[in-house]
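Residue numbering for the sequence shown follows this note's numbering, beginning at 62 and increasing consecutively.
Heads up, the thing below is written out as structure tokens.
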Amino acid sequence: MNVRAQIEVLLLTVLIVLVVLSYAIQRFVVFGSFERLERAEATKDLQRGLEAISGEAEHLRRTAQDWAFWDDTYAFAEDRNAAYRESNLIKETFETTGVDLLYFVRTDGEVLYGQCLSPWTGEFVVLPEFPADRWPAGNPLLFREGQERSVAGIVLTGMGPMLLARAHILKGNLEGPPRGAVLMGRFMDEDFRAELAGQTRLNFNYWPVDVAILPPELQGVVRKLEHESAVLLAGSHLDAIDAYGVIKGITGTPALLVGVSFPRAITQQGNVAVLISLMLTMICALVLMTALGFLLRRAVARPIQDLALCMRGIRESDHLSARVPLAVENEIGELAQEFNMLLDRLEKDALEQTRLNQELEALSRQDGLTGLVNRRTFDTVLEREWRRHWRQQLPLSLVLIDVDDFKRYNDTYGHLRGDEVLKRVALVIGGSMRRAGDLPARYGGEEFAAILMESDDRAAERIAEEIRSAIAGLGLLHEHSRAAHMVTVSIGVATLMPSGLHSPNELIRMADLALYQAKDAGRNHVVLFEGEVPANEAPACDTGAAG
62 MNVRAQIEVL LLTVLIVLVV LSYAIQRFVV FGSFERLERA EATKDLQRGL
112 EAISGEAEHL RRTAQDWAFW DDTYAFAEDR NAAYRESNLI KETFETTGVD
162 LLYFVRTDGE VLYGQCLSPW TGEFVVLPEF PADRWPAGNP LLFREGQERS
212 VAGIVLTGMG PMLLARAHIL KGNLEGPPRG AVLMGRFMDE DFRAELAGQT
262 RLNFNYWPVD VAILPPELQG VVRKLEHESA VLLAGSHLDA IDAYGVIKGI
312 TGTPALLVGV SFPRAITQQG NVAVLISLML TMICALVLMT ALGFLLRRAV
362 ARPIQDLALC MRGIRESDHL SARVPLAVEN EIGELAQEFN MLLDRLEKDA
412 LEQTRLNQEL EALSRQDGLT GLVNRRTFDT VLEREWRRHW RQQLPLSLVL
462 IDVDDFKRYN DTYGHLRGDE VLKRVALVIG GSMRRAGDLP ARYGGEEFAA
512 ILMESDDRAA ERIAEEIRSA IAGLGLLHEH SRAAHMVTVS IGVATLMPSG
562 LHSPNELIRM ADLALYQAKD AGRNHVVLFE GEVPANEAPA CDTGAAG
């Protein structure tokens, strides 16, 4: 093969590599960011839709309150006066209030008034779920110990899912005792669906959470939503992403599976961008090859051979920082400069790829909310430190920290404020570490963990108490905490001397048992595990101690 042919083959190889690298970067870096953005937007839009349904439930609850917290209603519940019934409990009331169901039930279960207006026929109908004369004692829709004055949620009926609100009948100044309850309901029919679509610009589908009637694929979706997250992206394909969420019923159990299908406009545009970029790269490659062929016909054999040798050396070494040393005042010199510029671009692309890979690796080890390491990194470090402490015969301590009654906090103040609490707690835990090797981590949900290197049980217990005291000292209001009227934590501490007789799972289980003892002791406690090491088995605390 002559010199010219060798140079052409080498350049063709380099250009193919350039095209492949360009495509790989576009497809796996740029296009990957499009996909992540699209999934994040789908999650946000579904959450917005779920909030719209919750907003309708809240509106219905306020309407029920307006009727229930009224002196005339209170009097009606006592004396059943006909004037109240004739003035208020008429068919036009359903139209003015925008409800399909209206019930007045006394505390003993007697129905003072109860009607359901079909939105499809405009006539009153009977729903088996709502007794017409008397409600049985203990019905969860009426009165339960510790209930709030008014609640709202989903109820599944024979005519389809319904938004239902219940408010205790009290005087206008909210004094009691309660004389009964006002129930207002609205069917989640096509009109309701159209209203939600107008508010959110989303087309909803929803199904009752009933294993007997749900398709198998949706049953799997419900199970994942119960154990993994509030929003699930499933069934992603080329044209759309299917997003699902579950809405709880008025009794607190999952009642309605909500699904929205989002067109994949972002990734479709990304595909077009990748194809255009690849075509431009190929066109540039073709133009460059043609120009080089023209130049080669006019070039001198020796400079071409020198250039070919230089390029072959760079290709074989794969050393992108190297450059062609050939400097002649002709077309071959220009070709050498162009090749060096090409190497510049490849080097920049490679450095950028390395940087992106490092950033992705860092993100995979970190919890996005608190900034602490995640459970995966925690498990890796614990396994590694167990082996090191075993070799050096040093004690290893583990601290498990759980925010007390955190679900109640979220229910009371909302998840945004709950996230802020988790961030504050994480800062306190991170600031309480004593050794450079100590590792605080987010263990899962509202639970945190800390690996204390070369620490005995008393030192670990002191650090745990400092953490508990510091978090209580934040003074974060928590009205419904069973431990105090502020945010507190319960902490379990365990220490082992690693050996072949034990495992990291036993250390986790010891700390987990101590954490449960702290909960049983009334929360806001630190408990050091004392006693025999439990059997070698998987830890009980995968999602955090309850409450």
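Glycine is no exception: its CB is placed at the ideal position from the N, C-alpha and C atoms.
These figures come from a predicted structure and were not determined experimentally.
What residues in its chain sit with their C-beta under 8 Å from that of residue i, if we drop five residues either side in the sequence?
i       : result
Tyr-145 : Asp-133, Thr-134, Ala-136, Phe-137
Asp-466 : His-539, His-541, Ser-542, Arg-543, Ala-544, Arg-584, Gly-608
Leu-612 : Nothing in the structure corresponds to residue 612, since the chain is present only between 62 and 608.
Pro-324 : Asp-300, Ala-301
Glu-399 : Leu-349
Pro-595 : Glu-567, Arg-570, Met-571, Leu-574
Ala-125 : Ser-211, Ala-213, Ala-226, Arg-227, Ala-228, Val-243, Leu-244, Met-245
Ser-115 : Ile-308
Ser-179 : Asp-161, Phe-185, Val-186, Met-220
Of the choices the options, whose alpha-carbon is the least far from that of residue i?
i       : options                            : result
Leu-71  : Pro-239, Leu-557, Arg-97, Ile-375  : Ile-375
Asp-106 : Lys-309, Ser-322, Tyr-474          : Ser-322
Ala-397 : Ser-378, Glu-408, Leu-370, Leu-412 : Leu-370
Arg-416 : Ile-86, Val-75, Leu-76, Val-81     : Ile-86
Met-245 : Glu-251, Arg-100, Leu-225          : Leu-225
Ala-129 : Arg-100, Tyr-164, Ala-143          : Tyr-164
Phe-253 : Ser-148, Asp-161, Arg-478, Leu-368 : Asp-161
Glu-392 : Ala-411, Glu-251, Ile-365, Leu-82  : Ile-365
Ala-118 : Gly-492, Asp-271, Leu-336, Met-223 : Met-223
Pro-201 : Val-216, Ala-113, Val-319          : Val-216
Leu-263 : Thr-158, Lys-232, Glu-112          : Glu-112
Met-342 : Lys-468, Leu-73, Tyr-84            : One detail in the question is off: residue 342 reads as Thr in this sequence, not Met. Selected option, being the one with the closest Cα: Tyr-84.
Leu-294 : Thr-182, Ala-304, Arg-109          : Ala-304
Ile-230 : Ala-255, Arg-452, Leu-188, Leu-203 : Leu-203
Thr-314 : Leu-336, Trp-181, Arg-100, Val-283 : Val-283
Leu-430 : His-546, Gly-479, Glu-236, Asp-194 : Gly-479
Gly-561 : Arg-452, Ala-411, His-380, Glu-526 : Arg-452
Pro-238 : Ala-193, Leu-404, Arg-167          : Arg-167
Gly-9   : Gly-93, Phe-439, Leu-339, Asn-471  : Nothing can be reported for residue 9: it is not among the residues displayed for the chain, which extend from 62 to 608.
Asn-234 : Trp-131, Leu-336, Gln-108          : Trp-131
Bridge partners of residue i, per DSSP?
i       : result
Trp-447 : The partner list for Trp-447 (beta bridge, DSSP) is empty, contrary to what the question assumes.
Val-75  : In the DSSP output, where bridge partners are listed per residue, Val-75 has none listed.
Pro-269 : Leu-317
Val-307 : Leu-318
Pro-324 : Ala-301
Leu-23  : Nothing can be reported for residue 23: it is not among the residues displayed for the chain, which extend from 62 to 608.
Ile-552 : Ile-462, Val-587
Ala-226 : Ala-213, Met-245
Gln-427 : Val-434
Met-547 : Leu-538
Leu-294 : Ala-304
Leu-457 : Leu-557
Counting only the same chain and skipping the five closest in sequence on each side, list residues whose C-beta sits under 7 Å from that of residue i.
i       : result
Leu-443 : Ile-512, Pro-565
Ile-56  : Since the first residue shown for the chain is 62 and the last is 608, residue 56 is missing from the structure and cannot be characterised.
Ser-382 : Glu-408
Leu-150 : Tyr-174
Ala-198 : Gly-170
Thr-218 : Leu-188, Glu-190
Glu-507 : Asp-463, Val-464, Phe-467, Leu-483, Gly-605
Gln-176 : Leu-163, Phe-185
Leu-589 : Asp-518, Glu-522, Val-554, Ala-575
Helix, strand or coil: which one does DSSP assign to residue i?
i       : result
Val-166 : strand
Ala-607 : Note that Ala-607 has pLDDT 48, beneath the 50 cutoff, so the model's placement of it is unreliable and the number below is only indicative. It is coil, neither helix nor strand.
Arg-247 : strand
Met-402 : helix
Pro-595 : coil
Ile-375 : helix
Val-385 : coil
Leu-557 : strand
Arg-109 : helix
Glu-408 : helix
Leu-562 : coil
Ile-274 : coil
Pro-600 : Confidence at Pro-600 is low in this model, with a pLDDT of 43, below 50, so the placement of that residue should be treated as unreliable; the coordinate-derived value is given next. Of the three classes helix, strand and coil, the one that applies to Pro-600 here is coil, per DSSP.
Ala-582 : coil
Met-571 : helix
Asn-332 : helix
Arg-284 : helix
Arg-416 : helix
What residues in its chain sit with their C-beta under 6 Å from that of residue i, if we drop five residues either side in the sequence?
i       : result
Pro-600 : Only weak support is given to the placement of Pro-600: the predicted model assigns it a pLDDT of 43, under 50, and the value that follows is read from those uncertain coordinates. Taken in chain order, the residues that qualify are Asn-566, Ile-569, Arg-570, Asp-573.
Arg-469 : His-541
Lys-533 : Checking the sequence shown, residue 533 turns out to be Ala, not Lys. Closer than 6 Å at the Cβ level, and outside the excluded window around Ala-533, lie Thr-549.
Legend entry - Uninterrupted beta strand (DSSP E) stretches inside the region 462-532 (no shorter than 3 residues): 500-505, 508-513
Legend entry - Uninterrupted beta strand (DSSP E) stretches inside the region 138-223 (no shorter than 3 residues): 162-167, 172-178, 211-218
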